[in-house]
Amino acid sequence: DGGITQSPKYLFRKEGQNVTLSCEQNLNHDAMYWYRQDPGQGLRLIYYSQIVNDFQKGDIAEGYSVSREKKESFPLTVTSAQKNPTAFYLCASFPYGEGTEAFFGQGTRLTVV
Amino acid sequence: AQSVTQLDSQVPVFEEAPVELRCNYSSSVSVYLFWYVQYPNQGLQLLLKYLSGSTLVESINGFEAEFNKSQTSFHLRKPSVHISDTAEYFCAVRETSGSRLTFGEGTQLTVNP
């Protein structure tokens, strides 16, 4: 089945550790996104990528890093510089073209203790 | 820059009552508009979208939304809600020439028996 896979679904880390969230898609989509979701704040864009080896900062990129070495994969690293990393993280993708909608993964809930 | 405002953070209604979830957007260029639905601890699913043409768009489960260019709005309506419609609803905008997808803060719809 085609889709977007985020893993793991739940992730726990100690404060000060970097952690990488996985996002893989087999939809052959060009563009991929990472969003952070906090209660009452909607979805805030962290990074997005329109093409392999290229990505742009979103609204809240500080403390995060990404790579796009393959079309299928867009991992997000939450670094120790991120002040408040506990949140629900959503990955999405869409085929870059006219009128297409984004498809979402099931999310990763990161808890930093 | 584009932005989205969802005017109600919480909307409680009784089963079989009508509902309207309000969404306003801001953009200096033409846009595509989307409504997504999210159930607890899951990703987002597309509910409906406006690309061009008829300003009234419908979903398969009875929701509809009307694009109003002069008022820059894309309100979501359903004439009779069910308990199963309880979820969080997100309005989103993307410029027709771009790939950046911007979301509103979300509206929690709670349908009570």
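Going down the list, the protein sequences come from chains A and B. Following our numbering from start to finish, the first sequence increments by one per residue and tops out at 113. Following our numbering from start to finish, the second sequence increments by one per residue and tops out at 1113. Glycine residues also receive a C-beta, built at the ideal position from the N, C-alpha and C atoms. All values reported here derive from a predicted model rather than from experimental measurement.
Pop quiz: residue i and residue j are said to be a contact at Cβ under 8 Å. What is the actual Cβ separation, rounded to whole angstroms?
i, j, result
"Thr20(A)", "Leu110(A)", "About 11 Å separates the two Cβ atoms, so there is no contact after all."
"Arg37(A)", "Leu45(A)", "Note that residue 37(A) corresponds to Gln in the displayed sequence, not to Arg. Gln37(A) to Leu45(A), Cβ: 11 Å. No contact."
"Val113(A)", "Lys9(A)", "Wrong, their Cβ atoms sit about 17 Å apart, outside the cutoff."
"Thr1107(B)", "Val1011(B)", "6 Å"
Rounded to whole angstroms, what is the Cα-Cα separation between residue i and residue j?
i, j, result
"Glu101(A)", "Gln1006(B)", "19 Å"
"Glu72(A)", "Ser22(A)", "11 Å"
"Gln1002(B)", "Gly1104(B)", "11 Å"
"Ser80(A)", "Tyr1025(B)", "35 Å"
"Phe1034(B)", "Phe12(A)", "33 Å"
"Phe74(A)", "Gly107(A)", "14 Å"
"Asn1112(B)", "Asp54(A)", "47 Å"
"Asp1008(B)", "Tyr1089(B)", "11 Å"
"Gln1038(B)", "Asn1061(B)", "15 Å"
Report the option in the options whose CA atom is closest to the CA atom of residue i.
i, options, result
"Tyr1032(B)", "Lys1069(B), Glu1020(B) and Leu1021(B)", "Lys1069(B)"
"Pro993(B)", "Pro1079(B), Glu1064(B) and Gly1053(B)", "Limits of chain B in this structure are 1001 at one end and 1113 at the other, which puts residue 993(B) out of reach."
"Thr1102(B)", "Val1093(B), Gln1108(B) and Gly1062(B)", "Val1093(B)"
"Cys1091(B)", "Ser1084(B), Ile1083(B) and Thr1072(B)", "Thr1072(B)"
"Met32(A)", "Phe88(A), Glu69(A), Val113(A) and Pro85(A)", "Glu69(A)"
"Glu1016(B)", "Arg1077(B), Asp1008(B), Phe1074(B) and Val1081(B)", "Val1081(B)"
"Ser1028(B)", "Val1004(B), Tyr1039(B) and Lys1049(B)", "Val1004(B)"
"Asn84(A)", "Phe104(A), Ala61(A) and Val52(A)", "Ala61(A)"
"Gly58(A)", "Tyr89(A), Gln82(A) and Tyr35(A)", "Tyr35(A)"
"Glu1066(B)", "His1075(B), Ser1059(B) and Ile1060(B)", "His1075(B)"
"Phe103(A)", "Ile1060(B), Leu1047(B) and Leu1051(B)", "Leu1047(B)"
"Pro95(A)", "Tyr89(A), Gly16(A), Gly40(A) and Ile51(A)", "Ile51(A)"
### Task
Could you please tell me which residues of the segment 77-108 of chain A, in chain order, have their CB closer than 9 Å to any CB of chain B?
Those residues of the segment 77-108 of chain A that come within reach of chain B (Cβ to Cβ, closer than 9 Å) are Phe88, Leu90, Cys91, Ala92, Phe94, Tyr96, Glu98, Gly99, Thr100, Glu101, Ala102, Phe103, Phe104, Gly105, Gln106 and Gly107.
### Message
Along the segment 1037-1053 of chain B, where does the CB come closer than 8 Å to a CB of chain A? Name the residues.
### Response
Within the segment 1037-1053 of chain B, the qualifying residues are Asn1041, Gln1042, Gly1043, Leu1044, Gln1045, Leu1046, Lys1049, Leu1051 and Ser1052.
### Message
Residues of the segment 18-37 of chain A in Cβ contact with chain B at a cutoff of 9 Å, in chain order, please.
### Response
Going along the segment 18-37 of chain A in chain order, one finds Asp30, Ala31, Tyr33, Tyr35 and Gln37 with a Cβ nearer than 9 Å to chain B.
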